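*Asks:* Under the numbering used here, think of the first position of the sequence shown as 98, with each following residue one higher.
Structure in structure tokens, see below.
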Amino acid sequence: MEFTLDIAKKIAEACEKKARQMGIPMVVAIVDAGGNAVLVERMDGAMLAGVQIAQDKAYTAAATGFDTHQIAQISQPGQIAYGLANTDRGRIVIFGGGIVLKQGQKTVGGVGASGGLANQDQEVAQAGADAFAKSEK
């Protein structure tokens, strides 16, 4: 299955539904395997800074093949990936809210959410990733 704008719209819709349920305006970004934006949506009332943060979370997931909350665990002082956030012109995000989108073992993109606390962003992005997984079947 090809990763398309229509699929990205379904991912964003699921993210926005979850964000509404939580009562938190969010920015949602979906990127392709190359980290290029396919879709970026800012809910009414979402913070402006969230636009870039959500894109960077999605980019991080696609570029590294890891969810951003996983990177957070290995990039603390003394850990194997310490300093990772200072690479790639500062685009690597090391807190929750970015999830890898895979078809089988192949990374096809990433979804990022920004607007709440990192764990809230993670929940919203996960809702989008779950919708993507369902669309594959």
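For every residue, glycine included, the Cβ atom is placed at its ideal position computed from N, Cα and C.
Small disclaimer: the values here were computed from a predicted structure and weren't measured.
To the nearest angstrom, report how far apart Q149 and K199 are at their CA atoms.
*Replies:* Looking at the two C-alpha atoms, the distance is approximately 22 Å.
*Asks:* By alpha-carbon positions, which one of A182, A109, G195 ends up nearest to R139?
*Replies:* For the residues A182, A109, G195, the minimum Cα distance to R139 belongs to A109.
*Asks:* Helix, strand or coil for I104? Go by DSSP, reduced to three states.
*Replies:* The answer is helix: DSSP assigns I104 an H, G or I state.
*Asks:* Ignore the nearest five residues each way along the sequence and tell me which others in A143's own chain have a CB closer than 7 Å to its CB.
*Replies:* Within the same chain, A143 has close Cβ partners P122, M123, V124, G212.
*Asks:* Straight-line CA distance for A151 to T204?
*Replies:* Spanning the two alpha carbons is a distance of roughly 18 Å.
*Asks:* Which runs of the beta strand (DSSP E), 3 residues or longer, sit entirely within the stretch 123-208?
*Replies:* Listed in chain order, they are 124-129, 134-139, 195-200.
*Asks:* Where do the ends of the alpha helix (DSSP H) carrying G212 lie?
*Replies:* No alpha helix (DSSP H) holds G212; DSSP gives it neither H nor E.
*Asks:* Quick check: the stretch 205-224 against the stretch 155-170, are there 3 or more CB pairs under 8 Å?
*Replies:* As far as the Cβ criterion goes, the stretch 205-224 touches the stretch 155-170, which means the pair count is three or higher.
*Asks:* If you measure between the beta carbons of I196 and A222, is that distance less than 8 Å?
*Replies:* Against a cut-off of 8 Å, the Cβ pair of A222 and I196 comes out as a contact.
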